[in-house]
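Peer 1: This note's numbering puts the first residue of the sequence shown at 6, with every later residue one more than the last.
The beta carbon of each residue, even a glycine, is placed where N, CA and C say it ideally should be.
I have a structure I would like to understand better, so I am pasting it below and will then ask my questions one at a time.
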Amino acid sequence: MDRIAVTETFDAIVVGSGAAGSVVAATLAEAGKSVLVLEAGPERTLSDLSSSQIWARKLKWGGAYVEEEGELKIGNAFNSGFGTGGSAVHHFGVWPRLHENDFKVATQYGRGLDWPIDYQTLQPFYDRIQDTVGLSGDAKAEKWRPAGKPYPMGPLPVFAQGQVLALGFKKLGLTTAPMPMAINSREYKGRKACLYDGWCDAGCPIGALANPLVTYLPRALAAGAEIRHESTVASVNHDGSGRRATSVDYFDSEGTLHQVMGKQIFLCAFAVQNARILLNSRSKKYSNGMSNTNDMVGRYLMTHPAQTVVGLMKDETQPHLGPTGGQLICHDNYANKEQAKNAFGSYQWLIANAVKPNDLLGIANSRPDIIGAKLDPFMRKAAKHFAIMNLVGEDLAQADNRVTLSDKKDVRGIALAHTHHGLMDETKAMMTLAIEQGKAVFKAAGAEEVWNGPSFGMHIMGGTVMGQSPKSSVTDSFGRCHELDNLFIAGTGVFAGSGAVNPTFTLHALALRTAEHALAAAH
């Protein structure tokens, strides 16, 4: 297909307007660089958001189909986003930090991969990001939290559901702390405080939740960055040496293929799509895809194995109140990755999530076995007495868990992404032990009934991992591709390990570090 002639050159082309892309675009634009952001999805503003389950589904992935196989599928349709702000528009605002022992899993435990950085490298970026976007929490109460500045806002309130579950943890000698949330507990930098109505999954129309629509994207636009929506990137091109990326090919909403030049190019789409773009960027120099000489692109795909523990409590719990992500957190077992013989990995509890009658994490969905006439009395009871918490486990980086290209193509003729993901036996054993603990917490809290849901994939990481060597990774510690001097990757795809915490805080910190390094390299 013919391309429209190249007429534009930018200092930076940023692919994706989500959490990583918005940080990169704002940082570069505010430094005086000309920045073009290419977003595959539709344009969306804060005023477009609506607190409904139908709207929440509209925020999820709407691009080319992603094939999934394996024992634990990655759940791309739910975990990814589409449109201005990407998946961070529908994220729950749960922002813990990775722990120090998450960075050297291979060295310390003989499993997975080591990060090419340590916690101390990221700490100042964590501290800066939390002050910029606004975090609520109680750092002292998080006795397991690694070093860092206190949160700029006090914690969000704990409602009845959180209070009763906290009692169960306490009876078992376990600690809970207020959830560290990128949600305002008070007005912060002109943004309103949370209403605690449990609609985080549908975005946050009042701007209390820190998503790109109210944090970095307005800064990028104010500094002169341009965003082009419905612009699907097909591939990246390079010069004759193969050492420098030169341009990006993308399709507009009408199916016309464009090419734009960039002095630096940043792939900031979600993890699967970044790998897909590189694999589709084939040339004589890179016959298996750009920056893929050693067959590392797509490998080490990860997702957090997650399960719910659910129950009906004797006392009323007001389960509709609070943030979707939960009210309390417990990391008491996080430090001990070697949980028991043949069981490995850290895990966390996200406690007392706000729930709706149905849909994801909803009351009815937790008991698909209850149908017909029995559903009505169950729902009447559960609407006032329901309690839930989420187990989030650590996934180990495995080379065979990966993104490859499908034989099938999308409507523009671009090969689809095919993903495979499975769990190691010791990861499954860790999850089994943790679920037993979770059920014990509910019983200690006085639950009249307790059950757990099936495993599912929460978050997507890896596929373009960072590392010391191009033989075992795609980028260096700054997200720069080993094989190209001016091609950078930002987002969860560069994670060399998953840890057992929600990744959005960490990807912000990494993206800021990448952007500032790229600025220095451009001079």
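Quick check on Q353: buried or exposed, where buried means 16 or more other Cβ atoms within 10 Å of its Cβ?
Peer 2: Counted from its first residue, the sequence shown places residue 353 at position 348. So Q353 counts as buried.
Peer 1: Please name the residue in S478, R485, A516 and E488 whose C-alpha comes closest to that of L501.
Peer 2: Within the sequence shown, residue 501 is the residue found at index 496, counting from 1. One point to set straight first is that residue 501 is Ala, not Leu, in the sequence displayed. It is S478.
Peer 1: Kindly provide the ranges of any alpha helix (DSSP H) runs that are 4 or more residues long and lie completely inside the segment 371 to 430, ordered along the chain.
Peer 2: The qualifying runs are 380 to 390.
Peer 1: Note down, in chain order, each residue of its chain lying with its Cβ closer than 8 Å to the Cβ of L438, except the 5 sequence neighbours on either side.
Peer 2: Looking up residue 438 in the sequence shown gives position 433. Here the set comprises Q344, A345 and A348.
Peer 1: Quick check on the burial criterion: 16 or more other C-beta atoms within 10 angstroms. Buried or exposed for K289?
Peer 2: As a first step, residue 289 is located in the sequence shown; it is residue number 284 there, counting from the start. Classification of K289: exposed, given that the 10 Å Cβ count is below 16.
Peer 1: With DSSP run on the structure shown, which of helix, strand or coil describes L54?
Peer 2: Mapped onto the sequence shown, residue 54 falls at position 49. In this structure, L54 counts as coil in the three-state DSSP scheme.
Peer 1: Span of the beta strand (DSSP E) holding K268?
Peer 2: Start at 1 with the first residue of the sequence shown, and residue 268 comes out as number 263. First-last of the beta strand (DSSP E) with K268: L262 to L272.
Peer 1: What is the DSSP secondary structure of K433, reduced to helix, strand or coil?
Peer 2: Against the sequence shown, residue 433 aligns to sequence position 428. Here K433 sits in helix by DSSP.
Peer 1: What is the residue span of the alpha helix (DSSP H) that F510 lies within?
Peer 2: As a working note, residue 510 is residue 505 in the sequence shown. Run containing F510: T509 to A527, per the alpha helix (DSSP H) assignment.
Peer 1: The beta strand (DSSP E) that contains P310, what's its start and end?
Peer 2: Taking the first residue of the sequence shown as 1, we reach residue 310 at position 305. From DSSP, the beta strand (DSSP E) with P310 extends over M307 to M318.
Peer 1: Would you say the segment 166 to 186 touches the segment 442 to 451, given that touching needs at least three Cβ pairs under 8 Å?
Peer 2: With a cut-off of 8 Å, the segment 442 to 451 and the segment 166 to 186 count as touching, because enough Cβ pairs lie within range.
Peer 1: Let's see if you can read the secondary structure: which residues bound the alpha helix (DSSP H) around A340?
Peer 2: As a working note, residue 340 is residue 335 in the sequence shown. Taken as a continuous stretch (DSSP letters only), A340 belongs to no alpha helix (DSSP H), as it is neither H nor E.
Peer 1: If you draw a straight line from the C-alpha of W456 to the C-alpha of K176, how long is it?
Peer 2: Stepping through the sequence shown from its first residue, residue 456 is reached at position 451. Stepping through the sequence shown from its first residue, residue 176 is reached at position 171. Their backbone Cα atoms lie some 20 Å apart in a straight line.
Peer 1: Taking the alpha carbon of T497 as the reference point, which residue from N279, R62 and G117 has its own alpha carbon closest?
Peer 2: Counted from its first residue, the sequence shown places residue 497 at position 492. It is N279.
Peer 1: What do you reckon, are the CB atoms on S296 and E147 nearer than 8 Å?
Peer 2: Along the sequence shown, read from residue 1 onward, the residue named residue 296 stands at position 291. Along the sequence shown, read from residue 1 onward, the residue named residue 147 stands at position 142. Contact: no.
Peer 1: Mark D320 as exposed unless 16 or more other C-beta atoms lie within 10 angstroms of its C-beta, in which case mark it buried.
Peer 2: The residue given as residue 320 occupies position 315 in the sequence shown. Exposed, because fewer than 16 other Cβ atoms sit within 10 Å of the Cβ of D320.
Peer 1: Name the DSSP beta bridge partners of M471, please?
Peer 2: Residue mapping note: residue 471 aligns to position 466 of the sequence shown, counting from 1. Its beta-bridge partners are T480.
Peer 1: Within a Cβ cutoff of 6 Å, which residues of the same chain sit near L54, ignoring the five residues on either side of it in sequence?
Peer 2: Locating residue 54 in the sequence shown gives position 49, where the first residue counts as 1. Taken in chain order, the residues that qualify are G208 and P210.
Peer 1: Which parts of the segment 189 to 258 are runs of the alpha helix (DSSP H), unbroken and 4 residues or longer, counting only runs that do not cross its ends?
Peer 2: Complete alpha helix (DSSP H) runs here, min 4: 221 to 227.
Peer 1: Okay, do the segment 390 to 409 and the segment 105 to 125 touch, 3+ Cβ pairs below 8 Å being the bar?
Peer 2: In short, these stretches touch, since the Cβ pair count reaches three.
Peer 1: Can at least three beta-carbon pairs, one atom from the segment 222 to 239 and one from the segment 36 to 51, be found at a separation below 8 Å?
Peer 2: Taking 8 Å as the limit for Cβ pairs, the verdict is that the segment 36 to 51 does touch the segment 222 to 239.
Peer 1: Roughly how many angstroms lie between the CA atoms of T511 and G21, to the nearest whole one?
Peer 2: Taking the first residue of the sequence shown as position 1, residue 511 is located at position 506. Taking the first residue of the sequence shown as position 1, residue 21 is located at position 16. When rounded, the distance between both Cα atoms is 17 Å.
Peer 1: Run the CB neighbour count on V506, radius 10 Å, all protein chains shown included, and call it buried at 16 or more, exposed below.
Peer 2: Taking the sequence shown and counting its residues from 1, the one referred to as residue 506 is at position 501. Looking at its Cβ environment, which holds 16 or more other Cβ atoms inside 10 Å, V506 is buried.
Peer 1: Any chance the segment 123 to 132 sits against the segment 151 to 159, with 3 or more Cβ pairs inside 8 Å?
Peer 2: Yes, the segment 123 to 132 is in contact with the segment 151 to 159.
Peer 1: If you draw a straight line from the alpha carbon of W66 to that of P373, how long is it in whole angstroms?
Peer 2: On the sequence shown, residue 66 is found 61 positions in, with the first residue counted as 1. On the sequence shown, residue 373 is found 368 positions in, with the first residue counted as 1. If you take the alpha carbons of W66 and P373, they lie about 25 Å apart.
Peer 1: Tell me which residues share the same chain as S258 and place their Cβ nearer than 7 Å to its Cβ, disregarding the 5 neighbours each side in the sequence.
Peer 2: Working through the sequence shown from its first residue, we reach residue 258 at position 253. Cβ neighbours of S258 beyond the five flanking positions: E235.
Peer 1: Just grab the DSSP bridge partners of G173 for me.
Peer 2: One-based indexing of the sequence shown puts residue 173 at position 168. Its beta-bridge partners do not exist; DSSP assigns none.
Peer 1: Could you tell me whether the segment 303 to 316 touches the segment 457 to 473, where touching means 3 or more Cβ pairs closer than 8 Å?
Peer 2: Result yes; three or more Cβ-Cβ pairs closer than 8 Å.
Peer 1: By DSSP, does L355 sit in helix, in strand, or in coil?
Peer 2: Counted from its first residue, the sequence shown places residue 355 at position 350. L355: strand per DSSP, three-state reduction.
Peer 1: Helix, strand or coil for N457 per DSSP?
Peer 2: By one-based count along the sequence shown, residue 457 stands at place 452. DSSP places N457 in strand when its eight states are reduced to three.
Peer 1: So, do the segment 97 to 105 and the segment 177 to 193 have three or more beta carbon pairs nearer to each other than 8 Å?
Peer 2: Yes, the segment 97 to 105 is in contact with the segment 177 to 193.
Peer 1: Can you check whether the CB of Y201 is closer than 8 Å to the CB of P162?
Peer 2: Position 157 of the sequence shown, counted from the start, is the residue given in the question as residue 162. Position 196 of the sequence shown, counted from the start, is the residue given in the question as residue 201. Yes; because the gap between Cβ atoms is below 8 Å, this pair is in contact.
Peer 1: Going by C-alpha distance, which of N81, G367, I59 and D206 is nearest A69?
Peer 2: As a position in the sequence shown, residue 69 is number 64, starting the count at 1. Minimum Cα distance to A69 is reached at N81.
Peer 1: Please check the pair G330 and C486, which I expect to be a contact at CB under 8 Å, by giving their CB distance rounded to whole angstroms.
Peer 2: Here residue 330 corresponds to residue number 325 of the sequence shown, with the count starting at 1. Here residue 486 corresponds to residue number 481 of the sequence shown, with the count starting at 1. That belief does not hold up - the Cβ atoms of G330 and C486 are roughly 33 Å apart, past 8 Å.
Peer 1: I'd like to know if the segment 265 to 282 and the segment 414 to 424 are in contact, where contact means that at least 3 CB-CB pairs between them fall below 8 Å.
Peer 2: The segment 265 to 282 vs the segment 414 to 424: in contact.
Peer 1: If we ignore side chains and look at the alpha-carbon of each, how far apart do G212 and D300 end up?
Peer 2: In the sequence shown, the residue the question calls residue 212 occupies position 207. In the sequence shown, the residue the question calls residue 300 occupies position 295. C-alpha separation (whole angstroms): 42 Å.
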